[in-house]
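Trainee: This is the structure, below, for whatever I ask next.
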Amino acid sequence: MIGSGIFISPASALEHSGSVAMCILIWTICGIVSLFGALAYAELGTVVPRSGAEYAYFIDSYGPLHPFWGKLPAFINSWVLVIALRPAEVAVIMLTFSEYTCQPLLHYLRINDEINQMHIKKMVTLISIGLITYINICSVKLYVQIQNIFSFFKVLACLLVIGAGVYEVSVGNIQNLQKGFEGTKSDPKNIALAFYSGLWAYDGW
């Protein structure tokens with residue numbers, strides 16, 4: 005389960021948790037929660053063998069209770085996903101993609117003005133979203149193939165990061181791990197934001 009936030013949320017999780025040990029603990033808990041969530045979805049998929057995901061699950065759960073109010077949770081959930089959650093998620097992902105893509109190019113072209121950098125990154129973001137949408141409209145099979153290619157490179161990047169981390173530990177670079185819970189932020193707001201960042205990274209299921 006590799007969510008879209010795997011390359012975005014680690015810095016945020018560490019920032020809000022305040023320490024390496026607390027960050028690792030939160031990531032572990034988020035992994036366990038995501039595992040239970042994935043198992044629950046697997047169970048729901050076998051009990052409700054129809055397309056529609058959450059919509060189908062809500063309809064089967066609450067639909068029989070009332071002709072109108074029973075179907076309302078499924079209706080609200082679908083529109084919240086379409087109008088708010090998915091667009092926001094796509095925007096953050098593509099802005100991050102634009103950040104990583106444009107930064108070396110901007111440095112090479114010596115474009116140091118922050119306003120111009122922001123405009124270029126937003127333009128690349130809009131073009132990328134438009135291109136992906138166009139490919140999806142033209143051919144779903146082609147889109148799936150491209151998605152599989154990107155998924156392969158995402159897994160490869162994760163393996164490289166893990167390998168680099170294992171290598172650093174093996175050669176004795178454990179200064180950050182030795183700090184333990186030093187600097188941990190205990191206020192509920194930061195803990196909640198750290199959990200949010202961790203769960204987003206597991207959002208692949």
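Going by my numbering, the first residue of the sequence shown is number 5, and it counts up by one from there.
The beta carbon of each residue, even a glycine, is placed where N, CA and C say it ideally should be.
(1) Pick helix, strand or coil for W31, following the three-state DSSP scheme.
(2) Helix, strand or coil: how does DSSP classify I97 here?
(3) Taking 8 Å as the threshold, find out whether the region 190-197 comes into contact with the region 18-29 through three or more Cβ pairs.
(4) Over what stretch of residues does the alpha helix (DSSP H) that includes V128 continue unbroken?
(5) Whole angstroms are fine: how far does the CA of G176 sit from the CA of P91?
(6) Does DSSP put W73 in a helix, a strand or coil?
(7) Go through its chain and collect everything with a Cβ distance to I10's Cβ below 6 Å, but skip five positions before and after it.
(8) Assuming V94 contacts I124 (C-beta within less than 8 Å), just tell me the rounded distance between them.
(9) Taking 8 Å as the threshold (C-beta atoms), are F199 and I30 in contact?
(10) Would you identify the three-state DSSP class for V175, choosing helix, strand or coil?
(11) Indicate the three-state DSSP secondary structure (helix, strand or coil) for K158 in the structure shown.
(12) Does the region 52-59 touch the region 36-44, meaning 3 or more C-beta pairs lie closer than 8 Å?
(13) Residue range of the alpha helix (DSSP H) that S201 falls in?
(14) When you compare the CB positions of I12 and V84, do they come within less than 8 Å of one another, or not?
Mentor: Let's see:
(1) helix
(2) If DSSP states are grouped into helix, strand and coil, I97 belongs with the helices.
(3) yes
(4) Note, V128: alpha helix (DSSP H), E118 to C142.
(5) 43 Å
(6) The answer is coil: DSSP assigns W73 none of H, G, I, E or B.
(7) A205
(8) About 19 Å; that fails the 8 Å criterion.
(9) yes
(10) coil
(11) Three-state result, K158: helix.
(12) no
(13) Element bounds for S201: P192 to A205.
(14) no
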